[in-house]
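The block underneath contains the structure these notes are about, expressed in C-alpha cells.
Residue numbers (this note's numbering): 832 to 1024.
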C-alpha cells in the first residue's frame, strides 16, 4: 500500500496529525468516533501506512464478523485472531493473555521508544468488563516496561457512552476517553475535555 492510495483531504491530514501528536505524547488512549462510512477505518489504515515504521501499530477487530463472534464473547480471542496468534481449545485465559503480551513485546523489541499503538475497531457496544480487561492488559505491559496507547474506534453512540463513563467509571474515562477525535463524512472535529 503506497501513500498515494489514500485521499488525503485536509480533515484527514488534521486527524493524522492529531493521532501522531497523541502518540508522540505517549497517551494511554483516545476515542475515534464517527458514523458508519465516515472514514474511521481509512484513517487507521493511513496511520499504519504512513507512520507504522515510526510507531509500532496493531489493529484489532473486536467484532469479527466473518467468525460470527461478538466482542462480548471473548476479547482475548479477538486479540489473538487479529494478531495472527495460534491457540488451542485447551488454553486457559491466562495462557492466551500471556501470548498476547509476548506478541506486543516481540513487535516492539526493535523500537527505541518502548511505545506501541493499538487501534481497536468497533467498541461501541463494549461492557465495563471489556474496558477493565484492556486496563489489565495495559498494566501487564507497563510492568514489562512497555507503554501502550489504545485508540478505541466506534460509532456516534460512543459520545453518549463517554459521558456515562465520565461519571460512573472515571478510571476508564481517564485512560481511554479523555481525548476524542470525531470523524464526519464532511469534516473532522477534535474535542478534548
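Backbone N, C-alpha and C define an ideal beta-carbon position, used for all residues, glycine too.
By the neighbour-count definition (other C-beta atoms within 10 Å, threshold 16), residue 1005 is an exposed residue. Across the set 1002, 1000, 984, the C-alpha of 984 shows the shortest separation from the C-alpha of residue 1011.
Ranked by how close their Cα comes to the Cα of residue 906, the residues 850, 964, 917 have 964 in first place. Residue 996 and residue 1003 have their C-alpha atoms some 7 Å from each other. In the structure shown, residue 843 adopts helical secondary structure according to DSSP, grouped into three states. Counted as a single uninterrupted DSSP element, the alpha helix (DSSP H) harbouring residue 872 occupies residues 871–882. DSSP places residue 972 inside the alpha helix (DSSP H), whose first and last residues are 959–974. Cβ-Cβ separation between residue 877 and residue 1014: approximately 12 Å, too far for a contact (criterion under 8 Å). A distance of 8 Å or more separates the beta carbons of residue 989 and residue 853. Taking a 10 Å sphere around the C-beta of residue 893, we find 16 or more other C-beta atoms and assign the residue as buried. Apart from the 5 residues on each side of it in sequence, residue 882 sits with its Cβ closer than 7 Å to the Cβ of 851 in its chain, given in chain order. Within 10 angstroms of the beta-carbon of residue 925 lie fewer than 16 other beta-carbons, which makes it exposed.
Going by DSSP, residue 998 is part of the alpha helix (DSSP H) stretching over 988–999. Between the stretch 970–977 and the stretch 931–947, the count of Cβ pairs shorter than 8 Å is three or higher; the stretches touch. In chain order, 952 place their CB closer than 7 Å to the CB of residue 872, counting only its own chain and leaving out the 5 sequence neighbours on each side. Counting the other Cβ atoms within 10 Å of the Cβ of residue 887 gives 16 or more, which makes it buried.
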